[in-house]
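Protein chains in written order, with my numbering: chain A, 2 to 214; chain B, 113 to 310. Notes follow the structure.
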Amino acid sequence: MSLNEIITPIFWIAIFILLLVSKKYFVFPNERLSKKAMFLLVIVTILVFVVNGSIIGFAYYKAYNPDYEYEKISGQVSYHIYRPSYLPPGIEQNSKFYIEEEFAGNTWAVRSAYNIPISQVAISEKSNLTVITQTQVDDLFDAKEDVLSRYQGDNPPIFESIVLPNFPNKQAYFQTGGFAKVLHVVAMDNVYISIASPRETEENLQKMGDSLE
Amino acid sequence: MVNPQLLDYIKRQLGLNKPREVIRENLIRIGWKQADVEEALNQTVPLPIQQNPTNEQLTQQGQLNNELPTDKPNTEPGPRPKVIKVISNLFLGLALFSMPGAFAGSAMVLASNKALIPIPGQLEFEIFKAMPYVGLISVPGIMAVPLLLLAALKIKSGSFSAWKLSLFILILVIIVNITTGFLARLLVDPIYQATTNY
């Protein structure tokens, strides 16, 4: 228990008892508060309500109108940052766009995360995290070879070539067999995009890939 | 010089067989200075005593009992008993102790946001989205501080209405504190614990 939690009830009890036993002394005529007292009361009330109301209101606004900093990060990289226009039901973006140090051997990668609302993550334990990472690559880049060259296990992941009818691309692979399912896409402007999720369905990942813009 | 209204009142009261001690106490209680009362008492000669007051006189007595002299151009309200000042200071102390609580919810929101911001990509004030009821923590303090300050200032008057108001405020503050504390633990704690474990 904090000091406040101990002392406050003691105050309550002390004042309550004192009020009850001292009732007979309260026989003086009623007087209005002086101007000074009224001013103090008004100032304290405004301070408490305005300061708290402002902070809580600002936090509430920011929480429900998040700034994903897309424009800010777009200005820091030399390539177009792709965003999915389709998100699986119940999923929302729950991170800003941020610069990742290294991805696929390149720097200035951009990452963003998507999941069920945070209030549900904590209590339902049904996290459905999906991470989109993207970076600029060269003309000769091959996503499958890049992943395989970095893989250090006994059972290499399985790649399946797929078609994304609505998203023009040079390469599109679906990777399974590992910890997460991953959709690898290289756009026509040589932006390599990886959409990875341990729990999301293949269908939804492909829909997200197909809706990139 | 003795106030004529005071003098007239004392004479009437003495004429109605009121003991001098009772008259003295009544006047001092409502704010007359003891020195003025004593001087007036020393100057008064009781009106003739009637053995069997008539009904008219008894009615007059009842009316006159209520006509305590209120015109005190040269007097100020007498000093309040020390216990009133003690209670006023206790209310003030309680108001000051409630100040941190009034800002607790806001402080928690700001502090947790600052703690999480270094995480790459962390959205601002996401903690508020996870625990929208965190604002409840501030409610008892926000409500209590102005009310307790009002009680501290008002009770200095020493009037019975101030006593009633202060008692009401105290009970209200206690009930809101207990209720909101219970609700906050019920709504905020499970999510906070789950978030911490997550």
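We put the CB at the ideal spot given by N, CA and C, even for glycine.
Exercise. Please name the residues in the region 132-159 of chain B whose beta-carbon is closer than 8 Å to at least one beta-carbon of chain C, in chain order.
Key: As a matter of chain content, chain C is missing from the structure shown, whose protein chains are A and B.
Quiz item: Bridge partners of residue 107(A), per DSSP?
Solution: 104(A)
Quiz item: Measuring CB to CB, does residue 213(B) end up less than 7 Å from residue 244(B)?
Solution: no
Quiz item: Any beta-carbon of chain A closer than 7 Å to the one on residue 295(B)?
Solution: no
Quiz item: Which whole runs of the alpha helix (DSSP H) in the region 31-99 of chain A are 4 residues long or more, in chain order?
Solution: 36-65, 71-75
Quiz item: Any idea if residue 81(A) is buried or exposed, counting beta-carbon neighbours within 10 angstroms, 16 or more meaning buried?
Solution: exposed
Quiz item: Mind pulling the chain B residues with CB within less than 8 Å of residue 15(A)?
Solution: The contact set of residue 15(A) on chain B, defined by CB atoms closer than 8 Å, consists of 202 in chain order.
Quiz prompt | Interface partners of residue 127(B) on chain A, CB under 9 Å | solution = Going along chain A, no residue has its Cβ under 9 Å from residue 127(B), so there is no contact; the nearest lies around 25 Å.
Quiz item: Regarding residue 37(A) and the ligand FAD, is the C-beta to nearest heavy atom distance less than 6 Å?
Solution: This structure lacks the ligand FAD, and indeed carries no ligand of any kind.
Quiz item: Pick from 270(B), 117(B), 297(B): whose alpha carbon is nearest that of residue 34(A)?
Solution: 270(B)
Quiz item: Using 8 Å as the threshold, is the region 48-55 of chain A in touch with the region 163-179 of chain A, meaning 3 or more CB pairs across them?
Solution: no
Quiz item: Are the C-beta of residue 63(A) and some C-beta of chain B separated by less than 7 Å?
Solution: yes
Quiz item: In chain B, which residues lie with their C-beta within 7 Å of the C-beta of residue 157(A)?
Solution: Here the premise fails: no neighbours, minimum Cβ distance about 29 Å.
Practice problem: Kindly indicate the opening and closing residues of the alpha helix (DSSP H) around residue 203(B). | Solution: 194-214
Self-check item: CA nearest to the CA of residue 154(A), picked from 53(A), 144(A), 180(A)
Solution: 180(A)
Exercise. Starting from residue 266(B), find everything on chain A with Cβ-Cβ shorter than 8 Å and list it in chain order.
Key: 34
Practice problem: Name, going along the chain, the residues of the region 84-106 of chain A whose beta-carbon falls closer than 9 Å to a beta-carbon of chain B. | Solution: So the close ones are 94, 95, 96, 97, 98, 99, 100, 101.
Exercise. Report yes if the C-beta distance between residue 60(A) and residue 209(B) is below 7 Å; otherwise report no.
Key: no
Quiz prompt | Residues bridged to residue 170(A) [DSSP beta-bridge criterion] | solution = 188(A)
Quiz item: Does the distance from the C-beta atom of residue 259(B) to that of residue 281(B) stay below 7 Å?
Solution: yes
Quiz item: Straight-line CA distance for residue 41(A) to residue 261(B)?
Solution: 9 Å
Quiz item: Taking Cβ positions only, does residue 67(A) come closer than 7 Å to chain B?
Solution: yes
Self-check item: Span of the beta strand (DSSP E), counted from its first residue to its last, around residue 160(A)
Solution: 159-162
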